[in-house]
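Step one of this worksheet: look at the structure below.
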Amino acid sequence: MTERGYRFRSVWASASTRCIRGYELTDGEWSIIEPLLPNKPHGVPRVDDRRVLNGILWRFRTGSPWAEIPERYGPSTTCYNRFVRWRKAGVWDRLLAAVSAAFEGEIVMIDATCIRVHQHGATGKKGEPGDRGMGRSRGGLTSKTHALVDADGRPVTLRLTGGQVHDSQEAEALIAAMPEGATLLADKGYDSNAIREAAASRNVWANIPSRSNRTQRFAFSDWLYRQRNLVERFFNRIKHFRSIATRYDKCPENHLAAVKLICARIWCAA
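In numbering that gives the first Met the number 0, the protein residues as written are 0 to 269.
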């Protein structure tokens with residue numbers, strides 16, 4: 000691993016001070032996002048993308064119902080329909096993939112956080128298949144967001160499950176998104192032979208502390224492991240948005256798309 004990978008680019012001192020300020024996109028953030036949005040060269044021009052996107056972000060930041068989006072952002076139905084239509088078209092997935100394409104891959108971290116499901120998001124259509132990314136855990140009805148972040152605490156890959164799903168269940172899917180030769184930081188919940196083997200198959204060193212009941216021990220760097228707090232800081236940052244800290248959306252795809260949109264903004268604000 001290079002010296003640059005160990006230095007973490009001064010994140011240890013600066014990550015806690017970086018934050019997303021205000022509800023609306025700055026000129027700098029918009030200059031990054033605008034070229035990545037769908038083009039519509041023909042037909043009736045769309046309602047201003049920046050205004051609509053600001054309305055969508057306002058809703059996620061405040062946790063308000065869609066119908067309460069202020070008039071300055073245009074009709075609330077336009078904001079909702081644009082968000083859902085672009086989610087179905089994969090716009091938010093491509094946006095996050097584009098802004099995170101050049102992430103620092105020498106050191107990566109994985110973890111998961113539970114999110115309480117609001118009563119308005121818990122009601123679904125009768126007979127609707129699947130668990131809709133919700134499950135019963137100690138906190139009641141919850142969802143769980145699994146994340147892979149880089150050495151700057153910036154998100155690269157996200158997955159959503161029910162809150163009762165163990166963190167390690169999504170580890171192999173997250174490892175598949177890691178570059179070969181990376182160093183993986185994770186807590187004891189990820190200490191399993193299957194995860195270590197999945198990491199080794201990609202030439203990834205799993206710097207994971209061993210469980211107390213393990214007889215076999217593995218190479219472990221306590222100094223590197225201290226930097227794992229960056230993934231916890233990432234979860235704290237996205238939970239500044241009330242619609243992320245509490246799940247109000249019935250549709251799991253909508254909630255995950257909202258998290259990805261917020262993550263894309265984190266990259267633009269970095």
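Even for Gly, the Cβ is constructed at its ideal location relative to N, Cα and C.
Item	Value
Does the beta-carbon distance from Val291 to Leu36 come in below 8 Å?	The chain is shown only over 0 to 269; residue 291 falls outside these bounds and no answer can be derived.
Please work out which residues of its chain come closer than 6 Å, Cβ to Cβ, to Gly162, disregarding the five sequence neighbours upstream and downstream, and give them in chain order.	Cys113, Gly134, Ser136, Thr141, Ser142 and Lys143
Taking Arg49 as part of the beta strand (DSSP E), name the residues at either end of that continuous run.	Premise fails: Arg49 lies in the alpha helix (DSSP H), Asp48 to Thr61, not in any beta strand (DSSP E).
Could you check what DSSP says for Ile109 in three-state terms: helix, strand or coil?	strand
Apart from the five residues just before and just after Ala205, which ones in its own chain have a Cβ nearer than 6 Å to its Cβ?	Leu183, Arg195 and Ala198
Rounded to whole angstroms, what is the Cα-Cα separation between Gln215 and Pro178?	27 Å
Leaving aside the five residues before and after Leu260 along the sequence, list all residues of the same chain whose C-beta is less than 6 Å from its C-beta, in chain order.	Trp91
Under 8 Å, with one C-beta from each stretch per pair, do the segment 102-117 and the segment 71-83 reach the 3-pair mark?	no
Judging by CA-CA distance, which residue of Phe240, Glu252, Ile207 and His239 is the nearest neighbour of Gln226?	Ile207
By DSSP, does Asn80 sit in helix, in strand, or in coil?	helix
Within 10 angstroms of its Cβ, does Phe222 collect 16 or more other Cβ (buried), or is it exposed?	Strictly speaking, residue 222 in this sequence is Trp, with Phe absent from that position. The residue in question, Trp222, is exposed, as its Cβ has fewer than 16 Cβ neighbours within 10 Å.
Using 10 angstroms around the beta-carbon of Glu70, count the other beta-carbons present and answer buried if the total reaches 16, otherwise exposed.	exposed
Name the residue from Val83, Asn53 and Ala150 whose alpha carbon lies nearest to the alpha carbon of Asn228.	Ala150
Looking at the strands, I want to know which residues DSSP matches up with Val164.	DSSP lists no partner for Val164.
Looking only at its chain, what residues have a beta carbon closer than 6 Å to the beta carbon of Ser220, apart from the 5 residues adjacent to it on each side?	Asn206
Bridge partners of Ile114, per DSSP?	Ser142
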